[in-house]
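Residue numbers (my numbering): 360 to 789.
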C-alpha cells in the first residue's frame, strides 16, 4: 500500500510551476513558488534548524583550525591543540543538545528557577573568585577546567523569562505583570556581569530583555525609555573606563590609533579587504600570523572573510538568517506560550550576538569581546548555544503536524525495508 507523507503538502506544485512562462522571470517565479511550498511543509523548521546548526558548527571547526594553528604552535608547540579542544566541546555538545531536544517542555520549565539562581550565584562568585582575562573578570574555575558563567547565564535567563511569561500569559495586558519580576531579575544578572567589567555580555542581556518585552507586547513608549536608559548607562560606563573610552573613540577610524587601540580592528579590516570575493583559500590567511589578536575567538569572522572572501561571509550570515527564520517559524506556529517565548529569546540571543560580532569586525561597533555563536572557539559559549538550539529543535519536532510527518516517514521507511528484505529473499530463492 502506498502512503503519502503529510510532509509532502502542496501537491500539484510541480504543475503550477510548469505554468510559468519559460523566461528568466518565469523561472524565478517558479523557483520562488517551489521554495515557498517547501518552507510551508510541517518539517521545514525542523530541518532548517538541524542543517544550519550543523553547517555553522562545521564551518566553525574549519575556521578554528585555520585561525588558531599559528598561535597554537607558537604558544603550545602543537598546531592542533586549540581545534582539538573545540572538537571535544562539539563532541560534548552534541549529546547535550540531543538530550535537551528530548526533554518535554513541562520538565524543562522545572529547571527555570533553579537555573536562574545557579547562574546568579556563579556570576556573584566570579566577582570575587574569578580570573581576569583581557581586563574582564568573567572566568571561574581551577586548573585546566574554567568556565564563563555569563554564557551559561544567557541560557538560564532565556529559560527563566520564558517560564515566567508563560505563567502570566493571561495577565500580560498589565504593565506591572510584564515588568515584574523579569526586568529586576535580568537587571540583577546584568549588574553582576558589569561588576566583572564584561560590557559586551551586558549588552547581550539588554538585547534579550528588550526582545522578550517586545514579544509579550510591552507598550512602545517603554522601549524608548529603556533604550534611552541603556544608552545613557553604556555611555557612563564607557566614560569611566579609559580602555573602553579609547575603544569608543577609535572604532570609527581605527587607523588613527593604528599602533594602539586601533591595532585589532585595523588588521580585521585588512583581513576582510584582502579576501576579495572568493578569498585567499582555506589556511592562506596572513593576518593570523600574529598581527590579528584573538583571531580564533572574537575576530574569527575576519579570518573567515580573508580565507573564504565575500562569498564565505555571506554564507555564514545567510546561515544565521536561516536559523533566525526557523526560530521565528517555530515561535509563530506553536500555540504554547512557553515555546513561543523561549524560541524568540534564543533568536534574540544568537542573532543579536552575531550582529554585534560582525559589526565589531567591520569596525561599525567598538571592540567589546563578543564571540561569533557556533563558530568562534570556546566551550563555555558553544555548549549553552547548542543546548538552546537542541531545545528548540525538540519543540519543532513535537509540533502536531511535524510529529505526524515524522511518524509517517518512519512507517514508510519500515515498509520499504520490509519490501526490500522480501525482494532479496525472493532473489536468493530463485
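The beta carbon of each residue, even a glycine, is placed where N, CA and C say it ideally should be.
Query: Coil, strand or helix - residue 729 by DSSP; Result: coil
Query: Ordered list of beta strand (DSSP E) runs contained in the segment 448-489, each at least 3 residues; Result: none
Query: Burial state of residue 747 (16 or more Cβ within 10 Å); Result: buried
Query: Delimiting residues of the beta strand (DSSP E) encompassing residue 527; Result: Here residue 527 belongs to no beta strand (DSSP E), and DSSP marks it neither H nor E.
Query: Distance between residue 694 and residue 700 (C-alpha atoms, nearest Å); Result: 11 Å
Query: Limits of the beta strand (DSSP E) - the one that residue 506 falls within; Result: 504-506
Query: Beta-carbon separation (whole angstroms), residue 559 vs residue 729, contact threshold 8 Å; Result: 4 Å
Query: Among 413, 422, 561, nearest to residue 708 - alpha-carbon criterion; Result: 561
Query: Outcome for residue 786 when other beta-carbon atoms lying within 10 angstroms are tallied against a minimum of 16; Result: exposed
Query: Beta-carbon proximity list for residue 474, same chain, < 7 Å, skipping 5 on both sides; Result: 515, 518, 519
Query: As assigned by DSSP and simplified to three states, the class of residue 779; Result: helix
Query: C-alpha distance - residue 511 paired with residue 581, whole-angstrom precision; Result: 28 Å
Query: Expected contact under 8 Å - CB spacing of residue 687 and residue 754 to nearest Å; Result: Not quite, the Cβ-Cβ distance comes to about 13 Å (not below 8 Å), so this is no contact.
Query: Given 8 Å, three or more beta-carbon pairs between the segment 734-742 and the segment 441-450; Result: yes
Query: Nonlocal neighbours in the same chain, by C-beta distance under 7 Å from residue 624, ignoring five residues either side; Result: 610, 613, 722, 726
Query: Beta-bridge partners of residue 492, as assigned by DSSP; Result: 495
Query: Selection from 387, 399, 386 that minimises the alpha carbon distance to residue 692; Result: 399
Query: Beta-carbon proximity check, residue 541 vs residue 523, cutoff 8 Å; Result: yes
Query: Cα-Cα separation between residue 422 and residue 665, rounded to whole angstroms; Result: 11 Å
Query: For residue 638, three-class secondary structure by DSSP; Result: coil
Query: Reduced DSSP secondary structure (H/G/I, E/B, other) of residue 500; Result: strand
Query: Inter-residue CB distance, residue 684 and residue 387 (contact presumed, cutoff 8 Å); Result: In fact, because the Cβ distance is near 20 Å, the residues do not count as touching under 8 Å.
Query: For residue 632, three-class secondary structure by DSSP; Result: helix
Query: Rounded Cβ spacing between residue 505 and residue 490 (contact assumed at less than 8 Å); Result: 7 Å
Query: Buried or exposed (CB count within 10 angstroms, at least 16 for buried), residue 784; Result: exposed
Query: Span of the alpha helix (DSSP H), counted from its first residue to its last, around residue 668; Result: 659-692
Query: CB-CB length for residue 671 against residue 663, believed under 8 Å; Result: 5 Å
Query: Residue 510, DSSP secondary structure in three states; Result: helix
Query: Collapsed DSSP secondary structure at residue 433 in the structure displayed; Result: helix
Query: Residue burial classification, residue 657 (beta-carbon count within 10 angstroms, cutoff 16); Result: buried
Query: Nearest neighbour of residue 547, chosen from 382, 649, 593, 478 [CA to CA]; Result: 478
Query: Whether residue 438 touches residue 432 by CB criterion (8 Å); Result: yes
Query: Residues near residue 585 by beta carbon distance below 7 Å, same chain, minus five either side; Result: 569
Query: Residues near residue 419 by beta carbon distance below 6 Å, same chain, minus five either side; Result: 733, 734
Query: Bounding residues of the alpha helix (DSSP H) (the contiguous stretch that carries residue 716); Result: 696-720
Query: Cα-Cα separation between residue 756 and residue 763, rounded to whole angstroms; Result: 9 Å
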